[in-house]
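Colleague:
There are 2 protein chains.
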Amino acid sequence: MKIGELAKRTEVSIRMLRYYEAEGLLKPTRAANGYRHYGQGEIRTVERIKLLGSAGMTLATIKQFLPCVRGEGPVFEPCDELRNVLHEQIEFADQKAAKLAQSRAILESFLFDIERQ
Amino acid sequence: MKIGELAKRTEVSIRMLRYYEAEGLLKPTRAANGYRHYGQGEIRTVERIKLLGSAGMTLATIKQFLPCVRGEGPVFEPCDELRNVLHEQIEFADQKAAKLAQSRAILESFLFDIERQ
DNA sequence: ATTGACTCTTACAGCGCTGTTAGGGTTTAG
DNA sequence: CTAAACCCTAACAGCGCTGTAAGAGTCAAT
Numbered sequence: 014m015k016i017g018e019l020a021k022r023t024e025v026s027i028r029m030l031r032y033y034e035a036e037g038l039l040k041p042t043r044a045a046n047g048y049r050h051y052g053q054g055e056i057r058t059v060e061r062i063k064l065l066g067s068a069g070m071t072l073a074t075i076k077q078f079l080p081c082v083r084g085e086g087p088v089f090e091p092c093d094e095l096r097n098v099l100h101e102q103i104e105f106a107d108q109k110a111a112k113l114a115q116s117r118a119i120l121e122s123f124l125f126d127i128e129r130q
Numbered sequence: 014m015k016i017g018e019l020a021k022r023t024e025v026s027i028r029m030l031r032y033y034e035a036e037g038l039l040k041p042t043r044a045a046n047g048y049r050h051y052g053q054g055e056i057r058t059v060e061r062i063k064l065l066g067s068a069g070m071t072l073a074t075i076k077q078f079l080p081c082v083r084g085e086g087p088v089f090e091p092c093d094e095l096r097n098v099l100h101e102q103i104e105f106a107d108q109k110a111a112k113l114a115q116s117r118a119i120l121e122s123f124l125f126d127i128e129r130q
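The following block contains the structure:
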């Protein structure tokens with residue numbers, strides 16, 4: 014599919030799809046006319062990028078482990094390091110979740126203070 | 014206390030403390046020499062700002078309800094709207110938490126994929 | 001063949017946050 | 001008195017993300 018369609022399906026702007034590519038997260042093929050061409054799998058990839066990104070992960074970070082799981086054949090890569098990165102990121106996510114919970118609690122205490130009077 | 018001390022106590026850079034002020038989140042008094050002067054309460058305020066900020070809240074957003082809870086006397090302000098903002102933000106935090114959880118799950122699935130082989 | 005929708009590249013610009021630098025005053029301790 | 005440490009303002013700069021515009025080629029339908 015062409016970029017416009019992928020954009021519609023994933024609700025990610027064309028601008029950003031091209032940006033993902035520039036950052037090495039997508040590698041669409043090119044038609045003779047220069048148009049980008051995406052396969053079905055890219056939808057899933059983009060969804061994942063969206064999700065990880067919405068959790069505050071940077072594209073550079075996402076890129077680190079995306080190739081390992083994009084289904085590009087067996088991984089002989091530095092997967093020991095990848096494991097580490099993943100562990101790091103998971104822990105990071107946990108920290109973020111903790112902060113978020115505290116934050117939410119503060120908001121609620123604010124609400125409580127306001128509400129009672 | 015002066016800005017340097019507040020910075021040390023809260024672990025927020027002097028730069029950022031001044032920025033908070035520029036954005037209307039802090040209102041230190043000024044000594045005759047122009048030095049900013051902070052009271053004890055500011056520590057707590059800054060901690061809250063830190064926490065809310067670390068949860069992805071923008072300073073402009075935080076500012077919306079901070080005055081209402083900074084202990085600046087009774088609140089006759091548009092607190093109905095504040096209530097709404099708070100509810101919005103809480104819901105927002107919940108959404109973020111959900112995303113974060115999904116994100117974490119993805120990371121773990123990646124880890125799982127790598128680990129088994 | 002023309003038109004409208006789509007695509008391409010390049011580049012500028014903005015947001016929110018943060019560090020750094022420049023240039024200058026103030027305070028404190030030796 | 002001097003030097004170190006601290007404070008002030010103002011401004012530039014970068015990061016990561018995102019929109020928008022300019023200028024040009026491509027495609028599909030009429």
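Sequence order for the protein chains is W and U. If you use our numbering, the first sequence corresponds to residues 14 to 130, in order. If you use our numbering, the second sequence corresponds to residues 14 to 130, in order. Quick reminder that beta carbons are idealized off the backbone N, C-alpha and C, glycines included. The model shown is predicted, which means the values in this text are computed figures rather than measured ones.
Nearest to Leu19/W by alpha carbon, out of Ala35/W, Glu60/W, Ala44/W and Ala45/W?
Modeller: Within the first sequence, the letter at position 6 stands for residue 19/W. Answer by Cα proximity: Glu60/W.
Colleague: Relative to the C-alpha of Thr74/W, which residue among Phe125/W, Ile119/W, Ile103/W and Leu30/W is closest?
Modeller: As a position in the first sequence, residue 74/W is number 61, starting the count at 1. In terms of Cα proximity to Thr74/W, the closest of Phe125/W, Ile119/W, Ile103/W and Leu30/W is Ile103/W.
Colleague: What do you reckon, are the CB atoms on Pro41/W and Tyr32/W nearer than 8 Å?
Modeller: By 1-based counting over the first sequence, the position of residue 41/W is 28. By 1-based counting over the first sequence, the position of residue 32/W is 19. Cβ atoms of Pro41/W and Tyr32/W: not closer than 8 Å.
Colleague: Which residues mark the beginning and the end of the alpha helix (DSSP H) in which Asn97/W is found?
Modeller: The residue given as residue 97/W occupies position 84 in the first sequence. Start and end: Cys92 to Glu128.
Colleague: So the alpha helix (DSSP H) Thr71/U belongs to, where does it begin and stop?
Modeller: Within the second sequence, numbered from 1, the residue matching residue 71/U stands at position 58. That residue, Thr71/U, is in no alpha helix (DSSP H); it is neither H nor E in DSSP.
Colleague: Would you please state the rounded distance, in angstroms, between the beta carbons of Leu30/U and Lys76/U? I believe it to be under 8 Å.
Modeller: Here residue 30/U refers to the residue found at position 17 when the second sequence is read from its first residue. Here residue 76/U refers to the residue found at position 63 when the second sequence is read from its first residue. No, Leu30/U and Lys76/U are not in contact; Cβ-Cβ is about 15 Å, not under 8 Å.
Colleague: Could you tell me whether the Cβ of Gly47/U comes closer than 8 Å to any Cβ of chain W?
Modeller: Residue mapping note: residue 47/U aligns to position 34 of the second sequence, counting from 1. Not a single C-beta of chain W is nearer than 8 Å to the C-beta of Gly47/U.
Colleague: Determine the extent of the alpha helix (DSSP H) in which Glu152/U is found, giving its start and end residues.
Modeller: Outside the displayed range of chain U (14 to 130) lies residue 152/U, so it cannot be described from this structure.
Colleague: What distance in whole Å lies between the Cβ atoms of Lys109/W and Gly69/W, which are believed to be in contact at a cut-off of 8 Å?
Modeller: In the first sequence, the residue the question calls residue 69/W occupies position 56. In the first sequence, the residue the question calls residue 109/W occupies position 96. Contact flag correct, Cβ pair sits at about 6 Å.
Colleague: Have a look at Ala114/W, Arg57/W, Leu124/W and Leu113/W and flag the residue whose alpha-carbon is nearest the alpha-carbon of Ile119/U.
Modeller: Within the second sequence, residue 119/U is the residue found at index 106, counting from 1. Nearest of Ala114/W, Arg57/W, Leu124/W and Leu113/W to Ile119/U, Cα basis: Arg57/W.
Colleague: Find the residues of chain W that neighbour Ser26/U, judging by a C-beta separation of less than 9 Å, and give them in chain order.
Modeller: The residue labelled residue 26/U in the question sits at position 13 within the second sequence. Neighbours of Ser26/U on chain W: none; closest Cβ ~19 Å, over 9 Å.
Colleague: Apart from the five residues on each side of it in sequence, which residues of its chain come closer than 7 Å, Cβ to Cβ, to Ala35/U?
Modeller: Within the second sequence, numbered from 1, the residue matching residue 35/U stands at position 22. Result list for Ala35/U: empty, nothing under 7 Å.
Colleague: Taking C-beta to C-beta, are Ser116/W and Leu79/U nearer than 8 Å?
Modeller: For the purposes of this step, residue 116/W is identified with residue 103 of the first sequence, where counting begins at 1. For the purposes of this step, residue 79/U is identified with residue 66 of the second sequence, where counting begins at 1. Contact: no.
Colleague: Mind checking which residues open and close the alpha helix (DSSP H) that includes Lys40/U?
Modeller: Position 27 of the second sequence, counted from the first residue, corresponds to residue 40/U. Counting along the chain, Lys40/U falls outside any alpha helix (DSSP H), and DSSP gives it neither H nor E.
Colleague: In chain W, which residues lie with their C-beta within 9 Å of the C-beta of Lys76/U?
Modeller: As a first step, residue 76/U is located in the second sequence; it is residue number 63 there, counting from the start. In chain order: nothing, as chain W lies at least about 13 Å away.
Colleague: For Arg49/U, count neighbouring C-beta atoms within 10 Å of its own C-beta (all shown protein chains included) and say buried if the count is 16 or more, exposed if not.
Modeller: Numbered from its first residue, the second sequence carries residue 49/U at position 36. Burial call: buried.
Colleague: When the distance is taken between beta carbons, is Ser67/U closer than 8 Å to Lys112/W?
Modeller: Within the first sequence, residue 112/W is the residue found at index 99, counting from 1. Within the second sequence, residue 67/U is the residue found at index 54, counting from 1. Cβ distance < 8 Å, so Lys112/W and Ser67/U count as in contact.
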